Amino acid sequence: MKRVVLFSFLILTFGLVENLQAQSHEEGVPYQMGLITLQMVDQLNDIPANVRRVAVYKMNYNAMRFTVQEVEFIRSEIESSLRTYAGITVLSPPELEPNDKMKIMGNDSTLQILNIQGRSLADVSPEFLAEVTEKYGVNGLIEVGLQRRNPDGLILSVRMMNPRSREIVWAKSFIANPFEVVEQVDKGQTLILAFGAGSMQTDSKFRADTSFANQDTSITTPVLNYAANFTYRQPLNRENSAYIGFTGGVNILRARRADEFNLFLLNFGLTYYQALSPEKNEDIDSYRMVVYLNTSVQLPLSNTKGEMFTARPGIMFNMSKNLGLSFYTSLILSGEELRLSNNDRITYNKVGYGVHAVVRF
2 MKRVVLFSFL
12 ILTFGLVENL
22 QAQSHEEGVP
32 YQMGLITLQM
42 VDQLNDIPAN
52 VRRVAVYKMN
62 YNAMRFTVQE
72 VEFIRSEIES
82 SLRTYAGITV
92 LSPPELEPND
102 KMKIMGNDST
112 LQILNIQGRS
122 LADVSPEFLA
132 EVTEKYGVNG
142 LIEVGLQRRN
152 PDGLILSVRM
162 MNPRSREIVW
172 AKSFIANPFE
182 VVEQVDKGQT
192 LILAFGAGSM
202 QTDSKFRADT
212 SFANQDTSIT
222 TPVLNYAANF
232 TYRQPLNREN
242 SAYIGFTGGV
252 NILRARRADE
262 FNLFLLNFGL
272 TYYQALSPEK
282 NEDIDSYRMV
292 VYLNTSVQLP
302 LSNTKGEMFT
312 ARPGIMFNMS
322 KNLGLSFYTS
332 LILSGEELRL
342 SNNDRITYNK
352 VGYGVHAVVR
362 F
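Okay, so the sequence shown: first residue is 2 according to the working numbering, each after it adds one.
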């Protein structure tokens, strides 16, 4: 028992150590500087063309947050990136190296004691800085700022100035762990009202006929399909070129001969939209042409029995921000026969067609 407990404790301890090592690795300066270096690849291409010889003359940081070794590592990585990705000559004049000494400067009339801990003499003396840049032909002085902040990690700001005019000619900031702003998808128009009419054809309508020894008779009857449907849709991508939605509405099937029959059906289903136009039209904030596929089940009301499963492929033309026109073909997948309350049976052709006016909200 003791061995099992000890073995479990060792496994748990080892896992915690591995986790801490992984966390410290990702929080370390080398790892985070590596992330920033990857960002520099694309950001160093807009340095002015006339800046070809540069030198890092100032490193601004809090000594309580960064060690000397970390600062030197960051500086070397910046200089390496400038040479590799920007093709710039990086100089390291000894006069620009920071030191921890105090300097006494003066002339016949003045005497000045300067505390330049962590800085170079040229940094605190503009005249001496001008002399150094002239001596080495430096045409770009770089100032680096370092910060460390959660959850951003290492934050690096780089400014480059003209040593003569002191004009800032280039400046960039880099964050090791930038906060990614999730772009909100514009949901666009989410509600569609479609209404119109279509045509169907019955193969036969069977009715008991007592004059012919109770034999059934067949009547071919064209049928108009009046429909009104609401569709709620959601986009599937950021471009809003594809949608999926839920649809529901009512269909009225009316025989062209008024003495035949009228049927009321409720329908529920799914709809998929896919834009055909390559880009959105700015005037209507939508795509001009959209194909769609609607699959639904139609349930008759009153005493009519049976249900129809249909698919409607079609094409929609958006003519304005809110109005459109669609043409569709209706395909009955199953359930093409309905039974009326008087036991008449109606069998529909599997193919129909129609047109809908479309209002987008």
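Just so it is clear, CB atoms sit at the ideal spot from N, CA and C, and this is done for glycine as well. Computed from a predicted model, the values in this text were never measured in an experiment.
TODO: Take L294 as the anchor and find which of E283, T305, S287, I316 has the nearest alpha-carbon.
DONE: Against the sequence shown, residue 294 aligns to sequence position 293. Selected option, being the one with the closest Cα: I316.
- [ ] Given a cut-off of 7 Å, decide if V30 and E1 are closer than it, judged by their beta-carbon atoms.
- [x] One cannot answer for residue 1 here, as it falls past the ends of the chain, which runs 2 to 362.
Open item on the list: Strictly by DSSP, which residues pair up with Q33?
Closed with: If you number the sequence shown from 1, residue 33 lands on position 32. Bridge partners of Q33: none, in fact.
Task: Nearest-angstrom Cα separation, counted from F180 out to A131 - done: Indexing the sequence shown from 1 puts residue 131 at position 130. Indexing the sequence shown from 1 puts residue 180 at position 179. Cα to Cα, A131 sits roughly 40 Å from F180.
Task: Neighbourhood of Y273 by C-beta distance below 6 Å, restricted to the same chain and skipping five residues each side - done: By 1-based counting over the sequence shown, the position of residue 273 is 272. Once the five neighbours on either side are set aside, the close Cβ partners of Y273 are I245, L294.
Open item on the list: Report the start-end ranges of each alpha helix (DSSP H) in the segment 263-308 that is 4 residues or longer and not cut off at the edges.
Closed with: none
Task: Between the CA atoms of L45 and R53 - distance to the nearest angstrom - done: Locating residue 53 in the sequence shown gives position 52, counting from the first residue. Locating residue 45 in the sequence shown gives position 44, counting from the first residue. Distance between the alpha carbons of R53 and L45: 13 Å.
TODO: Could you tell me the distance, in whole angstroms, from the CA atom of Y227 to the CA atom of G355?
DONE: Within the sequence shown, residue 227 is the residue found at index 226, counting from 1. Within the sequence shown, residue 355 is the residue found at index 354, counting from 1. Cα-Cα distance, rounded: 9 Å.
Open item on the list: Check for me: the beta strand (DSSP E) holding K59 runs from which residue to which?
Closed with: One-based indexing of the sequence shown puts residue 59 at position 58. Note, K59: beta strand (DSSP E), 54-61.
Open item on the list: Taking the alpha-carbon of T330 as reference, which of L147, F196, M201, F175 has the nearest alpha-carbon?
Closed with: As a position in the sequence shown, residue 330 is number 329, starting the count at 1. Ranking the options by Cα distance to T330, first place goes to M201.
- [ ] Less than 8 Å between the CB atoms is what I'm expecting for L97 and Y58, so what's the real figure, rounded?
- [x] Position 96 of the sequence shown, counted from the first residue, corresponds to residue 97. Position 57 of the sequence shown, counted from the first residue, corresponds to residue 58. Between Y58 and L97 the Cβ distance is about 5 Å, and since that is below 8 Å, they are a contact.
Open item on the list: Extract the residue ranges of the alpha helix (DSSP H) inside the segment 321-346, only unbroken runs of 4 or more that lie entirely within it.
Closed with: none
Task: Residue of T191, L324, F328 minimising C-alpha distance to A198 - done: Translated into positions along the sequence shown, residue 198 becomes position 197. Nearest C-alpha to A198: F328.
Task: Among G307, V145, L92, S297, the one whose alpha carbon lies nearest that of K136 - done: Here the question's residue 136 lines up with position 135 in the sequence shown. Here the closest residue by C-alpha is L92.
Task: Cβ shell of S174 (< 8 Å), same chain only, five flanking positions each side left out - done: Position 173 of the sequence shown, counting from 1, holds the residue named residue 174. So the list reads I156, L157, S158, V159, once near-sequence residues are dropped.
Open item on the list: Using a 10 Å radius around the Cβ and a threshold of 16 neighbouring Cβ atoms, would you call G270 buried or exposed?
Closed with: For this step, residue 270 is matched to residue 269 along the sequence shown. Answer is buried; the Cβ neighbour count reaches 16.
Task: Simplified DSSP state of N140, which is helix, strand or coil - done: Residue numbering aside, residue 140 sits at position 139 when the sequence shown is read from its first letter. It is coil, neither helix nor strand.
Task: Separation of P164 from I37, as counted between CA atoms - done: Here residue 37 is taken as the residue at index 36 of the sequence shown, counted from 1. Here residue 164 is taken as the residue at index 163 of the sequence shown, counted from 1. Cα-Cα distance, rounded: 26 Å.
- [ ] Return the CA-CA distance between N263 and N238, expressed in angstroms with no decimal places.
- [x] As a position in the sequence shown, residue 263 is number 262, starting the count at 1. As a position in the sequence shown, residue 238 is number 237, starting the count at 1. So the two alpha carbons sit approximately 42 Å from each other.
Task: Helix, strand or coil at A229 [DSSP, three-state] - done: Here residue 229 is taken as the residue at index 228 of the sequence shown, counted from 1. In the three-state DSSP reduction, A229 falls in the strand class (E or B).
Open item on the list: Going by C-alpha to C-alpha distance, which of N241, F247, P223 sits closest to L194?
Closed with: As a first step, residue 194 must be located in the sequence shown, where it is residue number 193. Comparing Cα-Cα distances from L194 to each of N241, F247, P223, the minimum goes to F247.
- [ ] Can you say whether A256 is buried or exposed, counting buried as having 16 or more other CB atoms within 10 angstroms of its CB?
- [x] Counting from one through the sequence shown, the residue named residue 256 turns up at place 255. Burial state of A256 is buried, judged by a 10 Å Cβ sphere holding 16 or more other Cβ atoms.
- [ ] For N319, name the three-state secondary structure that DSSP assigns.
- [x] For the purposes of this step, residue 319 is taken as the residue at position 318 of the sequence shown. Here N319 sits in strand by DSSP.
- [ ] Please go through the same chain and pick out, in chain order, the residues whose beta-carbon is closer than 6 Å to the beta-carbon of S335, but skip the five residues on each side of it.
- [x] As a position in the sequence shown, residue 335 is number 334, starting the count at 1. Contacts found: F310.
Task: V55 beta carbon less than 7 Å from that of I176 - done: Along the sequence shown, one-based indexing puts residue 176 at 175. Along the sequence shown, one-based indexing puts residue 55 at 54. At a Cβ-Cβ threshold of 7 Å, I176 and V55 do not count as neighbours.
TODO: May I ask you to list the residues that DSSP assigns as paired with T134?
DONE: Residue mapping note: residue 134 aligns to position 133 of the sequence shown, counting from 1. Under the DSSP definition of a beta bridge, T134 lacks any partner.
Task: Residue of M290, E240, L254, S303 minimising C-alpha distance to P223 - done: Counting from one through the sequence shown, the residue named residue 223 turns up at place 222. The shortest CA-to-CA distance from P223 to any of M290, E240, L254, S303 is the one to L254.
Task: Distance between I285 and Y349 (C-alpha atoms, nearest Å) - done: Mapped onto the sequence shown, residue 349 falls at position 348. Mapped onto the sequence shown, residue 285 falls at position 284. Rounded to the nearest angstrom, the two C-alpha atoms are 39 Å apart.
Open item on the list: What does the alpha-carbon distance come out to for the pair V133 and V139?
Closed with: Mapped onto the sequence shown, residue 133 falls at position 132. Mapped onto the sequence shown, residue 139 falls at position 138. The alpha-carbon atoms of V133 and V139 are separated by roughly 8 Å.
- [ ] Determine the burial state of V360: buried for a count of at least 16 other Cβ atoms within 10 Å of its Cβ, exposed for fewer.
- [x] Locating residue 360 in the sequence shown gives position 359, counting from the first residue. Counting Cβ neighbours within 10 Å, V360 comes out exposed, since fewer than 16 surround it.
- [ ] Check whether the Cβ of E338 lies closer than 6 Å to any heavy atom of the ligand ADP, and answer yes or no.
- [x] The ligand ADP is not part of this structure, which contains no ligands at all.
TODO: Could you check the C-alpha separation between E240 and A276 for me, to the nearest Å?
DONE: Mapped onto the sequence shown, residue 240 falls at position 239. Mapped onto the sequence shown, residue 276 falls at position 275. Their backbone Cα atoms lie some 10 Å apart in a straight line.
Task: Where P179 sits in the DSSP three-state scheme - done: The residue labelled residue 179 in the question sits at position 178 within the sequence shown. Coil at P179, not helix or strand.
Open item on the list: Between E308, A243, P314, N252, which has its C-alpha nearest Y288's C-alpha?
Closed with: Counting from 1 along the sequence shown, the entry for residue 288 is found at position 287. For Y288, the nearest C-alpha among the options comes from A243.
TODO: Would you kindly work out how many angstroms separate the C-alpha atoms of V292 and P314, rounded to a whole number?
DONE: Here the question's residue 292 lines up with position 291 in the sequence shown. Here the question's residue 314 lines up with position 313 in the sequence shown. Their backbone Cα atoms lie some 8 Å apart in a straight line.
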